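Numbering-wise (my numbering), the sequence shown opens with residue 79 and increments by one. Glycine included, C-beta positions come from ideal geometry on N, C-alpha and C. For clarity, every value in this text was computed on a predicted model and none was experimentally measured.
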Amino acid sequence: MTAVGETLLEVGADPEHVGGQIGALTVLHTWTRTVEYHPHVHCLVPAGFLDDAGEWHEVSRPWFAPQEVLASVFRAKLVAAIRAAVPGL
Numbered sequence: 079m080t081a082v083g084e085t086l087l088e089v090g091a092d093p094e095h096v097g098g099q100i101g102a103l104t105v106l107h108t109w110t111r112t113v114e115y116h117p118h119v120h121c122l123v124p125a126g127f128l129d130d131a132g133e134w135h136e137v138s139r140p141w142f143a144p145q146e147v148l149a150s151v152f153r154a155k156l157v158a159a160i161r162a163a164v165p166g167l
């Protein structure tokens with residue numbers, strides 16, 4: 079979950095995507111409706127951000143960031159965390 083949170087904060091801070099401090103609620107699900115193992119994370123991100131002065135700004139577009147950007151950043155963070163936890167991998 080650390081990689082998820084770091085990804086959201088990093089992409090949110092990037093002016094190309096949001097450009098400020100975002101918030102998020104993340105939930106880890108480890109199964110499907112039929113109780114099959116299927117780990118995945120749901121993320122709720124508000125439609126706005128805080129700037130450096132602590133002022134709230136709404137974001138008008140209906141999405142946070144492109145899926146490709148989030149996937150790329152998340153994948154790199156997850157691989158780095160696994161390699162740090164399992165030396166020699």
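Query raised in the report: Tell me the DSSP bridge mates of Gly-126?
Result: Glu-136
Report task. Look at Leu-103 and Val-119 and say whether their C-beta atoms are less than 7 angstroms apart. Result -> no
Query raised in the report: Taking the continuous beta strand (DSSP E) assigned at Val-105, which residues delimit it?
Result: Segment 103 to 109, the beta strand (DSSP E) holding Val-105.
Report task. Within the same chain, show all residues whose beta-carbon is closer than 8 angstroms to that of Val-151, passing over the 5 residues directly before and after it, in chain order. Result -> Thr-85, Glu-88 and Val-89
Requested in this report: Could you please give the first and the last residue of the uninterrupted alpha helix (DSSP H) stretch that includes Gln-145?
Outcome: Gln-145 -> alpha helix (DSSP H) spans 145 to 163.
Query raised in the report: Could you check where the alpha helix (DSSP H) with Val-96 kicks off and where it finishes?
Result: Run containing Val-96: none; DSSP gives neither H nor E here.
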